[in-house]
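J.: To start, I am sharing the structure in question, which I have written as structure tokens.
Protein chains in written order, with our numbering: chain S, 1 to 281; chain U, 1001 to 1270.
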């Protein structure tokens, strides 16, 4: 990794994005002290890293790591002791990830999804203010993915700072407020989602009178381009796009009745691919 | 709860519900007295008697038992080594060494408790050796008993040093290899290769330095106890003279292993 430098604002859901092998897990491994960096420095809570700082962070890095011969309950007792958290919180976190009924089963009998949920339970022990999730939905089924996404949204709403590494952009798009984008170990962009990834917006409009619609659209100030897509026009603006209500009224006042009007936004995925592709070139 | 007590409790939780740990502890506790009993039986019944006395002397009577039992137990040192390798490589295969650090242990705390665990296991095995000495000493005791002293008891300390030496080699190999089966294979291979080098170096090439190789030097702290007057007359005095040197070198190896183990764990990627 090189020249990777950014701050994670308190209370942010900070996505670390990048394709496989871009260095997301390496970066988190360094800040969790399991990988040694040749140079550079990092701080947690504004302080130099230490075992005390790490105890205040719930971390799921790569795979769920537990003693296979121990039950979920005993594995979490070990985690709670290391984190200096009260063992009576185990019941709460097991219930939260729906593993309470299976708390006495050995870890080795768990499915991949259950192992992942147990790892998330371990992260939540003691209600830490910072959470680090590396690919938290790995191995989960669609309903499990939705649950974890909702959990992250709930945790963010509760004011937690969440650092989330993922290559599943649709997942990140739904929850992140900030992002850092890595490619081949280099930070190519970081900041709040909107400024880091210019997610272009445009309008799609349709009318029975397509010729009349085109004519009045061409008279609009700030138009960048108009593209016909079947029965719709896509209109792109140079700077700020007027809101849909204003456009609707403008068309109506110019005797064109719209039968279709939608604000479109480029997905995080396309914005990300465009950005990483540009950087590669 | 103090930090050290908390750390010990974590290690205890890891072991408490680990069946292999208890099985191997029982194997150790059974094998040391049982193996000694087999040797006792052989020495008692299979050798000719001269003037009513066994030709090998009374290796299982006080005070000789304090050297005989530790010597025989030394042959079984590979059993606790298997346990140590298993406990260490488990952390690597489950990747829990990483998780313990991620959750809030320093690397130093992790490796320190592991070394303490090895010390405690060594104390347990040494305890079994002491109990075995007492058992055989009492079943073979005669009316006239020589007064025991430091000269006899020191073999218990030497056994502890010998076992610590082997245990830390096991830790080092487990740490470098990370896989249980392979690490055990390499540990046994190392034991055999060193013995081969020692035999070849000492007997064929007359090289004195082979006596100071890591396992050999700690083995030499407890010389073979049977029929010493017959098989190796005069060797006792030479051995006695070398004890401080053997002990110092064995302790140096122990310090070196601890330094390498902790340096390696603290400075490498987990």
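The beta-carbon is built from N, C-alpha and C at its ideal position, and this holds for glycine as well.
Determine the closest residue to residue 1160(U) out of 1258(U), 1071(U), 1039(U), with distance taken between C-alpha atoms.
T.: Looking only at 1258(U), 1071(U), 1039(U), the smallest Cα-Cα distance to residue 1160(U) is reached by 1071(U).
J.: Could you run through the segment 81–107 of chain S and flag, in chain order, every residue whose CB is less than 8 Å away from some CB of chain U?
T.: 81, 82, 83, 84
J.: Kindly indicate which residue of 1186(U), 1101(U), 1174(U), 1134(U) has the alpha-carbon position closest to the one of residue 1269(U).
T.: 1101(U)
J.: Start and end of the alpha helix (DSSP H) containing residue 1041(U)?
T.: 1019–1045
J.: Between which two residues does the beta strand (DSSP E) carrying residue 184(S) extend?
T.: Residue 184(S) -> no beta strand (DSSP E), and no H or E assigned at all.
J.: Give the residues of chain S in contact with residue 1106(U), contact being defined as C-beta atoms less than 7 Å apart.
T.: Under the 7 Å cutoff, chain S gives 51.
J.: Cβ closer than 7 Å: which chain S residues qualify as neighbours of residue 1102(U)?
T.: 32, 34, 54, 59, 61
J.: Taking all protein chains shown into account, decide if residue 1093(U) is buried (16 or more other Cβ within 10 angstroms of its Cβ) or exposed.
T.: exposed
J.: State yes or no: is the beta carbon of residue 66(S) nearer than 8 Å to at least one beta carbon in chain U?
T.: Closer than 8 Å: yes.
J.: So what does residue 228(S) bridge to, in DSSP terms?
T.: 233(S)
J.: Report all residues from its chain with a CB closer than 7 Å to the CB of residue 1125(U); omit the five preceding and five following residues, and keep chain order.
T.: 1028, 1080, 1163
J.: Quick check on residue 59(S): does DSSP put it in helix, strand or coil?
T.: strand
J.: Excluding the 5 residues flanking residue 1121(U) on each side, which residues of the same chain have their C-beta closer than 8 Å to its C-beta?
T.: 1080, 1083, 1084, 1167
J.: Between residue 1010(U) and chain S, is there a C-beta pair that is closer than 8 Å?
T.: yes
J.: Can you list, in chain order, the residues of its chain whose CB lies under 6 Å from that of residue 227(S), leaving out five sequence neighbours each side?
T.: Taken in chain order, the residues that qualify are 234.
J.: In chain order, which continuous runs of the alpha helix (DSSP H) of length 4 or greater are located wholly inside the segment 62–143 of chain S?
T.: 72–83, 90–96, 112–124
J.: So what does DSSP say about residue 204(S), is it helix, strand or coil?
T.: strand
J.: Starting from residue 1122(U), trace the alpha helix (DSSP H) in both directions and tell me its first and last residue.
T.: 1107–1139
J.: Could you compute how far the alpha carbon of residue 214(S) sits from the alpha carbon of residue 222(S)?
T.: 15 Å
J.: Note down, in chain order, all residues in the segment 1073–1100 of chain U with a beta-carbon under 8 Å from any beta-carbon belonging to chain S.
T.: 1090, 1094, 1095, 1096, 1098, 1099, 1100
J.: Is the Cβ-Cβ distance between residue 16(S) and residue 118(S) less than 8 Å?
T.: When the beta-carbon positions are compared, residue 16(S) and residue 118(S) stay at least 8 Å from each other.
J.: With a cut-off of 8 Å, does the C-beta of residue 1203(U) fall near any C-beta of chain S?
T.: Not an interface residue.
J.: Output yes or no for whether 8 Å exceeds the beta carbon distance between residue 1033(U) and residue 1135(U).
T.: yes
J.: Can you say whether residue 201(S) is buried or exposed, counting buried as having 16 or more other CB atoms within 10 angstroms of its CB?
T.: exposed
J.: Is the beta carbon of residue 132(S) closer than 8 Å to that of residue 78(S)?
T.: no
J.: Is the beta carbon of residue 71(S) less than 8 Å from the beta carbon of residue 105(S)?
T.: yes
J.: Any beta-carbon of chain U closer than 8 Å to the one on residue 77(S)?
T.: With a threshold of 8 Å between beta carbons, residue 77(S) makes contact with chain U.
J.: Against chain B, with Cβ distances strictly below 8 Å, would residue 131(S) count as a contact?
T.: The structure shown has no chain B; the protein chains it does contain are S and U.
J.: Report yes if the CB atom of residue 1197(U) is closer than 8 Å to the CB atom of residue 1213(U), and no otherwise.
T.: Judged by their CB atoms, residue 1197(U) and residue 1213(U) are nearer to each other than the 8 Å cut-off.
J.: Considering just the uninterrupted stretch of the alpha helix (DSSP H) at residue 1086(U), what are its terminal residues?
T.: 1078–1093
J.: For the candidate residues 30(S), 229(S), 220(S), whose alpha-carbon lies nearest to that of residue 59(S)?
T.: 30(S)
J.: From which residue to which residue does the alpha helix (DSSP H) around residue 348(S) run?
T.: Outside the displayed span of chain S (1 to 281) sits residue 348(S), for which this structure offers no information.
J.: Would a C-beta distance cut-off of 8 Å place residue 185(S) and residue 23(S) closer than the cut-off?
T.: yes
J.: Is residue 261(S) helix, strand or coil when you go by DSSP?
T.: strand
J.: Is the beta carbon of residue 1172(U) closer than 8 Å to that of residue 1257(U)?
T.: yes
J.: Using a Cβ-Cβ cutoff of less than 7 Å, which residues in the same chain neighbour residue 1089(U) once the five nearest sequence positions on both sides are dropped?
T.: Excluding residues up to 5 positions away in sequence, 1174, 1178, 1179, 1180, 1183 lie with their Cβ nearer than 7 Å to the Cβ of residue 1089(U) in the same chain.
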